[in-house]
Amino acid sequence: HKFFVLLGFNDTMNFRVPLFIITLLHYCVILFFNISLVLLIVLDESLHEPMYIFLSSFCINALYGSTGFYPKFLSDLLSSSHRISYEGCLLQGFVMYSFACCDLSILTVMAFDRYMAICRPLHYYSFMTKRRLSQLVCFSWLTPFCVFAINVLLTARLKLCGIKIQRALCLNWLIVQLACTEADTFSNNISAYVIIVIYHFHWLFIICTYIYIIKTCVRSREDRVKFTQTCVPHLTSVIINATVLAFDAMYFLQNFITIEFLIIRPVMNPLIYGFKLTKIRNRILGLFYFKRTSKLRVSCSPNKNGAK
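Residues in the sequence shown are numbered consecutively from 458, following the numbering used here.
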């Protein structure tokens, strides 16, 4: 097939213009918050620490996933024909899955970073070198990219007997469901189970790490303060991520939850981390204070015809 038809827009046709405006504004908010936070971390040398590097990686991933969904979604809202090319559908499926799993991989390396900082503080800076940091960032991006590249290649070889997708976006398993009855989907099933196992190990690692961190933090007031300042935003992201994925298992909520994953998470992370992490919050407030005092100085300064 050269194209697919997305049926997830059938219920939106009566209010597509208001939905287009709201969606466009939301996409602009996602771009603004995430790009601002990445630039803040890149330009401020005091934020060149592992925790903030991982946070910038989080924001870049939000930009990646949002851009894989919103431009096509916005264009479909204004179109009467909700078609997507075969290649475009495979690409969007790859972006959506790699975006979601990259989020989880970044949460995993962030959990490891917090474990080292709180439970092994004496070894933290000797262990978390620039090289080690680069390896962890590469792991969080290359793992989902490689896994889902194989997944998409396996899907691309299937002979399909349908063109209708029951969502507003393309996902790999929806394409596999359109395979002809005689098509061999065994490799796709094995690939799916391997991916599930890999990311269940990610969840298991995060849970075990945080159990150990919480046990360590209970022992001293200093560790409890450090946990509140640096771990609460990360733990909030983990809980929301787990909740979204749990609800995604419910078929009747799948269309809503998939889009909710793309609506809330790209905005939530920069807001939570931006206002909770002390250095970033102080830097943002400092920028606003600097702009305000600069304006006051300009308005209070004497003009050429004023007093000497």
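A virtual CB, placed ideally from N, CA and C, is assigned to each residue, including glycine.
Cβ-Cβ distance between residue i and residue j below 7 Å
i: K683; j: I575; result: yes
i: F526; j: I563; result: no
i: Y669; j: L561; result: no
i: I487; j: P723; result: yes
i: V604; j: F551; result: no
i: T565; j: I696; result: no
i: K616; j: A640; result: yes
i: L531; j: T612; result: no
i: F556; j: Y581; result: no
i: L500; j: K621; result: no
i: F461; j: I517; result: no
i: L534; j: R624; result: no
i: C674; j: R681; result: yes
i: L599; j: G619; result: no
i: Y543; j: K459; result: yes
Classification of residue i by the beta-carbon crowding that lies within 10 angstroms, buried from 16 upward
i: C485; result: exposed
i: N467; result: exposed
i: S694; result: buried
i: C637; result: exposed
i: N471; result: exposed
i: P766; result: Because residue 766 is not part of the residues shown, which for the chain are 458 to 765, the question remains open.
i: V633; result: buried
i: R571; result: buried
i: Y708; result: Here Y708 scores only 46 on pLDDT, less than 50, and its place in the model should not be relied on; the value that follows carries that caveat. Y708 comes out exposed.
i: S597; result: buried
i: P507; result: buried
i: L710; result: Low per-residue confidence applies at L710: pLDDT is 43, beneath 50, and the placement is therefore not dependable, though the value from the model is reported in the following sentence. Exposed, by the Cβ-count rule.
i: F713; result: Here F713 scores only 45 on pLDDT, less than 50, and its place in the model should not be relied on; the value that follows carries that caveat. By the neighbour-count rule (16 or more Cβ atoms within 10 Å), F713 is not buried but exposed.
i: V495; result: buried
i: T666; result: buried
i: K529; result: buried
i: F559; result: At residue 559 the sequence reads Cys, which differs from the Phe that was named. With 16 or more other Cβ atoms within 10 Å, it is buried.
i: P578; result: exposed
i: A519; result: buried
i: H505; result: exposed
i: S523; result: buried
i: L497; result: buried
i: P475; result: exposed
i: L661; result: exposed
i: A568; result: buried
i: N646; result: exposed
i: F658; result: exposed
i: F490; result: buried
i: L482; result: exposed
Beta-bridge pairing of residue i - partner residues as DSSP gives them
i: K621; result: V462
i: A636; result: L617
Residue i CB to nearest heavy atom of the ligand GTP below 6 Å
i: V633; result: Annotation note on the ligand GTP: not contained in the displayed structure, which lists no ligands.
Should the region 538-552 be regarded as contacting the region 624-643, the criterion being three or more beta carbon pairs within less than 8 Å? Three or more pairs of CB atoms, one per stretch, sit closer than 8 Å, so the region 538-552 contacts the region 624-643.
Between the region 501-514 and the region 577-594, do at least 3 Cβ pairs fall closer than 8 Å? The answer is yes - the region 577-594 touches the region 501-514, with three or more Cβ pairs under 8 Å.
With a floor of 3 residues, list each beta strand (DSSP E) that falls wholly inside the region 517-591, ordered by position along the chain. Counting whole runs of 3 or more residues, the region 517-591 contains the beta strand (DSSP E) stretches 540-542.
Start-end ranges of the alpha helix (DSSP H) lying completely within the region 655-702, minimum 4 residues: 678-687
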